[in-house]
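In the numbering used here, the protein residues as written are 935 to 1331.
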Ligand code: PMP
Ligand code: GLU
């Protein structure tokens, strides 16, 4: 025996986003003068009405296992809400609940792919995508989008990138983490038709669906090309929209057979999602809209603040984010003068010298960049920007 860890598991590394967020909190707790813009989660409290419904659920003793794919009340609520939001009819049997959107993506990848199948992922991608694809035994195919063109996704680019490959699934995310890109109707329609023509399946990660700004809005590909419904698994949930990241509830909507198999897989792998959180998610969908909008407006204000300050720094560039709560900023013009050759080394230096923690863009497939999160208070953002500006001034040539 070579050691206790299998070959498959020995390639898995911890999530950079989760571990750097933990690191920022640990440094702060240890009394270090550190500001972290690493957060990939809203900093707001979960709205009271949602918390209360969870407390009531516990008091009522509703704390047992639930059906593997989720309680019927929540599945019905999701089906009804998303039939309206997406504009295509979904039945409760075409909907399931898992422990967060992340878990839904994993289940979908497991059910849609076999070993050897390729899953196309576009840069900049969320850190967990390639790892999840590898974990289910499929192969990630990274499609590089051009930062000079604001990472625009075109059918021509896609055709070239996928020609002669064994791509079975596209794993797509809009509004996007880490760059806040929101694909427009026209792009989505063209890409959607291409996928239909080519018989390629789609996993559409729409977890930031309600967080869009400056008049921009999110469209699910299924809204624009309804024929995509059967070949698409839409992923969303309550984590970002209702500030419920720790409650671990995500939703998947798709073809009945696919959802059935995802439920069967989940039944053996994790049993069921948390009973209390499922009740809370019903309340979020029924009563959470006002709070959701209040939080979105607060994010919008912070986005403007960050944009106003970053746009005044000549050595950096970035696409203006229309959604989510991140800026992906190209800092590579500073690498030479900082004496670093990667986003990770840049972030290490920034932390050491300025006490500011950002997430390096390397693990998102864009090593020229760093990710700023604006899921922090305006005061924190202001101080973080003071530190960043000062650091850049020191090294700008
Ligand atoms: N997709 C993206 C793009 C994300 O940023 C996140 C954040 N963790 C998730 C999925 C997972 O969300 P959840 O917390 O509901 O698992
Ligand atoms: N999605 C968030 C982020 O990118 C949360 C952390 C994680 O689950 O990766 O920071």
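Beta carbons are placed, not taken as given, at the ideal position from N, Cα and C, and that holds for glycine. Quick caveat: nothing in here was measured; it's all calculated off a predicted structure.
Quick one: grab the DSSP three-state call for residue i.
i	result
residue 1291	strand
residue 1105	strand
residue 1030	strand
residue 951	helix
residue 956	helix
residue 1143	coil
residue 1283	helix
residue 1037	helix
residue 938	coil
residue 1087	coil
residue 1311	coil
residue 1131	helix
residue 1117	coil
residue 1047	coil
residue 1016	helix
residue 1245	coil
residue 1122	helix
residue 1024	coil
residue 1151	coil
residue 1160	helix
residue 1271	helix
residue 1296	helix
residue 1111	coil
residue 1256	coil
Starting from the Cα of residue i, find the closest Cα among the options and give me that residue.
i	options	result
residue 1039	1060, 1225, 985, 1229	1060
residue 1030	1310, 1254, 1169	1169
residue 1118	1056, 1158, 1328	1158
residue 1160	1274, 1171, 1019	1019
residue 1260	1308, 1024, 947	1308
residue 1073	989, 1087, 960, 1105	1105
residue 981	1299, 1280, 1175	1175
residue 940	988, 1069, 1047, 970	1069
residue 1275	1085, 1302, 1291, 1089	1302
residue 1148	1255, 1197, 1113	1255
residue 998	1312, 1316, 1212	1212
residue 1207	977, 1032, 1055	1032
residue 1124	1092, 1139, 1265, 1280	1092
residue 1190	1057, 1065, 1146, 1013	1013
residue 1341	984, 1057, 951, 1053	Nothing can be reported for residue 1341, as the shown portion of the chain is limited to 935 through 1331.
residue 1098	1081, 1132, 1295	1132
residue 1103	1067, 1121, 1090	1067
residue 1064	962, 1043, 1192	1043
residue 1009	1026, 1227, 994, 1015	1026
residue 1277	1071, 937, 950	950
residue 1327	1305, 1244, 1127, 1210	1244
residue 1015	964, 1127, 1171, 1047	1171
residue 1414	1229, 1285, 988	With the chain represented from 935 up to 1331, any question about residue 1414 goes unanswered, as that position is not in the structure.
residue 1289	947, 966, 954	966
residue 1311	936, 963, 969	969
residue 1321	1203, 1298, 1286	1286
residue 1045	1145, 1225, 976, 1203	1203
residue 1344	978, 1283, 1037, 1273	This structure cannot settle anything about residue 1344, because the visible part of the chain is limited to 935 through 1331.
residue 1146	1076, 1241, 1109	1109
residue 1024	1193, 1122, 1130	1193
Between residue i and residue j, which are expected to be in contact by the criterion C-beta below 8 Å, what is the C-beta distance as a whole number of angstroms?
i	j	result
residue 1182	residue 1034	5 Å
residue 1041	residue 1186	7 Å
residue 1268	residue 1252	Wrong, their Cβ atoms sit about 14 Å apart, outside the cutoff.
residue 1232	residue 1178	About 16 Å separates the two Cβ atoms, so there is no contact after all.
residue 1188	residue 1166	6 Å
residue 1142	residue 1115	That belief does not hold up - the Cβ atoms of residue 1142 and residue 1115 are roughly 10 Å apart, past 8 Å.
residue 974	residue 1111	7 Å
residue 1292	residue 972	7 Å
residue 1214	residue 984	5 Å
residue 1096	residue 1087	Not a contact, Cβ separation roughly 12 Å.
residue 1197	residue 1002	5 Å
residue 1281	residue 1304	6 Å
Let me check one thing: in DSSP terms, what residues is residue i bridge-paired to?
i	result
residue 1137	1105, 1167
residue 1261	1306
residue 1052	1073, 1101
residue 1251	1264
> Residue ranges of each alpha helix (DSSP H) run of no fewer than 4 residues wholly in the segment 1054-1083, ordered along the chain?
Replying inline: Counting only runs of 4 or more, we get 1062-1069.
>> Please give me, in chain order, every unbroken run of the alpha helix (DSSP H) with length at least 4 that falls completely inside the segment 959-1007.
In response: Unbroken alpha helix (DSSP H) runs of no fewer than 4 residues, entirely contained in the segment 959-1007, are found at 982-993, following chain order.
> Can you list the alpha helix (DSSP H) stretches of 4 or more residues lying completely in the segment 1169-1219, in chain order?
Replying inline: Correct list: 1190-1203.
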